[in-house]
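Comments concern the structure below.
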């Protein structure tokens with residue numbers, strides 16, 4: 012009785028055969044205990060000592076298990092669980108611009124973000140994660156969902172130079188961020204932050220505004236850096252330096268920064284990170300799946316950087332399992348350095364706990380089991396066959412078992428901020444079946460949206476955005492096997508022909524051909540433009556034109572009225588369009604073109620003198636064209652073209668209907 | 012009633028929302044059904060059709076789940092589950108020769124193999140594996156354990172040129188293999204085979220004998236090939252060609268071969284495999300963990316090889332989870348080719364099922380759900396959050412969910428050869444808790460064995476084998492700062508000194524220093540030997556010598572009797588010894604030595620004239636030594652050395668007690 016009275020009362024006493032602290036000495040207590048009062052850890056230590064010192068309202072004995080700090084997921088786009096396995100095994104641009112962004116534009120709302128975060132929380136808690144860092148839209152909804160689930164999170168509001176689902180301009184994005192940060196900055200579970208998305212999706216002004224916001228409220232700043240080699244190359248071309256020094260000049264690292272990915276950074280850039288205490292979020296699965304590369308984690312660790320581990324969004328992973336990521340981080344570092352002693356198990360667990368907290372600048376709150384920190388802890392059962400047998404010779408063996416063999420199935424109990432979120436694998440704060448039902452209903456809508464979109468090449472084209480649907484009609488005629496030099500002289504000498512302007516071009520056309528009901532043909536043209544007199548390249552223009560084989564109408568002299576359903580700047584690569592549209596066939600036509608804009612009979616016409624280079628022996632052509640808008644106008648122009656052909660001394664028998672694309676078939 | 016009578020009766024009808032067949036057309040039935048009678052699949056197809064055609068004694072409805080072929084683990088050392096997490100994050104040689112082999116020599120018995128395989132089977136069944144390929148010792152015990160667990164297996168008996176736990180010579184290993192194969196060759200679950208371990212652990216004769224055994228009984232041959240770059244380099248040095256053409260010349264590929272790892276093979280070697288239908292077992296986790304490299308799987312697949320997936324032994328993985336390996340295979344291939352479209356999910360599942368069966372030469376039995384094949388199938392529930400939401404637009408989405416997001420926790424039911432091995436995650440053939448208890452008891456013994464061994468440097472030395480413990484005593488004296496040239500002339504001119512032989516040496520000594528109770532010092536010496544007259548290198552000798560700082564006795568004139576506790580050829584690298592022994596400190600001494608064996612007073616003595624190169628300014632030394640066996644002999648030799656020192660005109664004051672190792676401290 013007197014002994015009982017001399018003990019200090021706490022809320023919860025947790026005992027286990029092993030307690031891993033991840034404190035600076037890496038103490039392991041065997042057996043150990045943790046005492047929790049309110050939201051904090053009061054004591055951690057040897058089991059007997061703790062039991063002699065404290066008495067608790069709630070006593071939990073984990074037995075043959077390890078109690079350790081909860082895992083910390085340092086990078087993700089949490090609501091994207093709702094887009095998991097929507098589209099896989101695609102290249103980053105096709106995946107992002109062909110699927111993720113069009114669907115996000117259509118479906119992302121605050122409720123989408125809340126639902127996706129709740130779904131993610133169910134998965135994260137069941138796999139032992141207690142804290143996550145997020146970068147997405149409507150961040151307040153993410154924060155709300157995290158709090159309802161009981162998880163700790165740094166929720167950073169995305170800001171981009173493009174219109175986003177939650178902000179039509181970056182100024183409005185920053186406004187939203189400021190408002191959100193002000194209201195959440197003292198929350199016990201959520202730390203708000205700002206996330207200028209990546210060097211290639213921001214402007215210097217946007218970055219500077221985001222930094223001053225982060226500094227004003229002393230909140231974390233989250234950003235993607237150097238995820239792909241392409242990004243770094245492009246940045247060098249545009250700014251004459253890689254992203255890291257550019258961001259440094261803009262003052263980014265003055266803020267409490269967490270940089271995601273960092274696959275392609277060099278030692279100098281790492282030293283910059285070290286100097287400014289920039290945390291790194293390493294995302295092994297995502298970097299493999301999108302073939303971004305293997306981040307130089309060993310070197311970062313050797314230079315003293317705080318490197319945490321992240322899952323990235325479920326749309327590129329496809330799960331949110333930190334045990335799996337931790338294991339993969341350890342394995343990849345070995346093969347990357349060709350040294351199996353690299354990144355041993357204890358260091359991998361360190362990255363997934365205390366070092367992750369440091370990378371997120373919240374190590375004062377969480378990441379290790381130490382008195383005074385918030386009670387964020389998990390219990391992993393050691394009963395499974397995969398964790399058998401139990402060797403005890405080497406104390407590092409325990410880390411090995413957790414990193415190389417434990418699965419999420421072994422995570423038994425999860426506590427965050429002193430509150431149990433899972434006991435015996437049963438979620439206490441989340442109604443998973445209800446979330447599943449709602450997520451599946453939404454998936455059906457997304458399926459329908461994409462299937463509708465994929466009904467035609469045109470709708471797929473419109474879906475990738477940036478362009479408006481537009482129809483244009485052209486009256487045109489073609490003559491094969493002409494003497495180009497003689498014809499050019501004759502054209503310019505023809506009375507009533509006024510030369511307006513001209514150019515010499517090399518045109519590389521790829522036709523993507525579809526066996527659909529419209530006979531769709533999507534032409535991707537790279538057009539090298541020079542002066543008519545020759546000389547240097549003036550410009551290279553890529554254009555994308557969708558046509559159908561159906562001709563609208565034919566006039567006398569084989570003059571045809573054709574319709575193009577879409578014509579726009581081709582802003583992405585031929586490879587992108589090929590992988591996105593997946594044509595049934597593909598053919599190429601290359602030609603040299605001398606192009607003349609003339610006025611004839613008061614009307615502007617284009618006259619092209621073409622030599623086909625590919626396919627070989629494709630011959631020479633005269634082409635006369637004019638845009639038109641009405642049937643009356645079309646008929647008038649067809650008559651004018653007939654007159655011009657007569658003036659050029661070309662007989663109607665020489666006219667051909669073949670399109671260039673058919674030459675290549 | 013009449014409708015019921017017209018139906019064909021089978022044993023089991025399994026229905027599910029999805030049935031993945033992995034047949035040549037990759038048919039997926041949504042919803043689907045499988046009809047099983049005895050050990051075989053009778054029908055697979057559309058659910059309604061199957062239900063209209065068959066009636067069953069047992070009806071299992073999996074609901075929101077996928078029924079698919081059981082996973083096939085194409086490479087492992089199954090009993091090594093018992094050594095899981097015994098020693099991790101070590102280099103291959105330290106891990107293998109320092110830990111695995113010494114423990115195996117001591118502990119591997121038929122019962123060890125049975126127990127380890129049962130433990131492995133519990134884990135494999137729970138993660139959806141129905142078939143495995145094994146290479147280990149006492150293979151009949153492995154086969155017995157597989158049959159008791161109800162699993163299908165190809166069990167290949169290891170044969171090595173070294174003494175193995177189950178055979179003191181390879182001839183006896185082959186004898187054991189023949190006997191085992193004869194008795195098991197018609198078993199319904201186990202296919203016996205022979206496993207010449209690897210090119211570097213066999214002889215040409217052994218290989219040829221193993222091949223003729225495999226051909227005689229038409230059974231599979233399993234072998235490791237090109238796991239590390241080192242192995243290939245060494246093989247080239249020894250045989251002037253890499254392992255694959257060497258094995259081809261020896262006729263290995265005439266047998267039904269499965270080659271494990273193949274991390275370092277080129278396109279020509281892949282074509283050899285293609286020509287001979289050699290199956291490949293790709294082991295992604297093991298190759299990462301041991302830093303062996305990333306196998307060029309994409310190229311193998313493009314060339315039409317049958318590449319299966321394996322876990323390798325649990326001691327280098329550390330679990331036996333094929334879902335995880337399959338996922339890792341898909342992810343690694345993408346980063347290795349820097350292309351995220353490489354090895355899409357369907358192909359990864361194909362490797363883990365039908366292609367694995369082909370790689371093991373048992374595709375007539377298993378690997379796909381097709382009528383006539385054995386009923387080896389699993390049901391994976393799609394209810395988990397990690398598999399939510401469910402998109403249906405793209406049929407490949409189902410493969411994505413299984414490969415990128417499913418976990419072993421989702422595997423609900425497992426059937427092999429028409430028999431249920433697991434229902435609702437409950438194992439039906441294995442008593443896991445009893446196995447755990449026995450495995451943990453054995454682990455305690457192994458712990459004790461290793462801890463005893465690691466009590467002293469000497470016992471650790473003996474544990475890595477190949478040498479016997481041996482003590483030797485030496486009488487020795489040292490004189491510092493001598494004029495080497497003058498002293499050599501004086502020595503050879505001394506009356507009563509007979510010159511026997513001599514050599515010039517460059518000696519590179521590394522001292523590993525231990526703060527143990529004996530003051531152990533382990534010297535690793537690389538000794539370059541030349542003629543006294545100079546000229547080319549005659550030999551390079553590596554020696555390992557364990558001494559303690561304790562001197563046995565001191566005589567007058569600072570002549571000491573020292574004891575070396577171990578002296579042997581150093582067959583492994585300095586790096587190996589460093590990582591294996593983990594000394595507290597390390598120091599280096601390099602010297603040039605002119606070494607004279609002389610006879611003086613009827614006794615053989617060694618006289619060394621040394622110039623220390625490292626540490627710099629280490630000076631010059633005369634050293635006189637002689638081995639001794641008894642105290643009387645030691646005293647006599649000490650007197651002789653005193654006489655010789657006097658004859659060389661060296662005063663007793665010049666003598667020093669310092670050891671060379673202390674120069675470097």
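Residue numbers (our numbering), protein chains in the order written: chain A, 12 to 676; chain B, 12 to 676. Ideal Cβ positions, reconstructed from N, Cα and C, are used throughout, including at glycine.
Burial state of residue 220/B is buried, judged by a 10 Å Cβ sphere holding 16 or more other Cβ atoms. Residue 509/A is classed as exposed because its beta carbon has fewer than 16 other beta carbons within 10 Å across all chains shown. Contact annotation for residue 296/A against chain B: 338, 342, 415 [CB-CB distance below 9 Å, chain order]. For the region 88-175 of chain B, the continuous beta strand (DSSP E) assignments of 3+ residues that do not extend past its boundaries occur at 140-147, 163-170, in sequence order. The alpha-carbon of residue 372/B is positioned some 33 Å away from that of residue 64/B.
For the pair residue 192/B and residue 203/B, the CB atoms are nearer than the 8 Å cut-off. With contacts defined by Cβ atoms closer than 8 Å, residue 91/B and residue 326/B form a contacting pair.
Residue environment: residue 641/A is assigned as exposed (fewer than 16 neighbouring CB atoms within 10 Å of its CB, all protein chains considered). For residue 118/B, not one C-beta of chain A is nearer than 8 Å to its own C-beta. At a C-beta separation below 9 Å, residue 652/B has no neighbours in chain A, since its nearest C-beta there lies roughly 46 Å away. Note that the region 551-559 of chain B touches the region 522-542 of chain B; at least 3 beta-carbon pairs, one per stretch, sit closer than 8 Å.
Membership of residue 252/B in any beta strand (DSSP E) is not indicated, and neither H nor E is assigned to it by DSSP. A residue is called buried when at least 16 other Cβ atoms come within 10 angstroms of its Cβ; residue 667/B does not meet this threshold and is exposed.
Counting along the chain, the unbroken beta strand (DSSP E) around residue 46/A starts and ends at 43-48.
Contacts with chain B (Cβ-Cβ distance below 7 Å) from the region 513-526 of chain A involve no residue at all.
Classified as exposed, residue 214/B has fewer than 16 neighbouring CB atoms from the shown chains inside 10 Å of its CB. Apart from the 5 residues on each side of it in sequence, residue 526/B sits with its Cβ closer than 6 Å to the Cβ of 595 in its chain, given in chain order. For the C-beta of residue 447/B, the chain A residues within less than 8 Å are, from N- to C-terminus, 394, 396, 399, 400. In the structure shown, residue 349/B adopts coil according to DSSP, grouped into three states. Using a Cβ distance threshold of 8 Å, residue 488/B and residue 652/B count as a contacting pair. Neighbours of residue 419/A in chain B, taken as residues at a C-beta separation under 8 Å, are given in chain order as 418, 420. The beta carbons of residue 370/B and residue 318/B sit closer together than 8 Å.
Put simply, the backbone Cα of residue 234/B is about 20 Å away from that of residue 195/B. At the C-beta level, residue 556/B and residue 573/B stay beyond 8 Å of one another.
Think of a sphere of 8 Å around the beta carbon of residue 304/B: the chain A residues whose beta carbon falls inside it are 346, 349, in chain order. Of the residues 55/A, 20/A, 46/A, 47/A, the one whose Cα lies closest to the Cα of residue 33/A is 55/A. Between residue 161/B and residue 334/B, the CB-CB gap reaches or exceeds 8 Å. Annotation for residue 151/B: 191 place their beta carbon closer than 6 Å to its own, counting only its chain and skipping 5 residues before and after. For residue 79/B, the enclosing beta strand (DSSP E) begins and ends at 76-80.
Counting only runs of at least 3 residues, the region 349-406 of chain A fully encloses the following beta strand (DSSP E) elements, listed from N- to C-terminal order: 388-392.
With respect to chain A, the C-beta atom of residue 470/B has no partner C-beta closer than 8 Å.
Using a Cβ-Cβ cut-off of 7 Å, residue 99/B is close to 356, 411, 415 of chain A, given in chain order. Residue pairing from DSSP places residue 205/A in a beta bridge opposite 168/A, 232/A. The region 43-59 of chain B makes no contact with the region 352-366 of chain B; the number of CB pairs closer than 8 Å stays below 3.
Non-local beta-carbon contacts of residue 111/A in its own chain, meaning distances under 7 Å to residues more than five positions away in sequence, involve 94, 326 in chain order. For residue 245/A, no Cβ of chain B is located within less than 8 Å of the residue's own Cβ.
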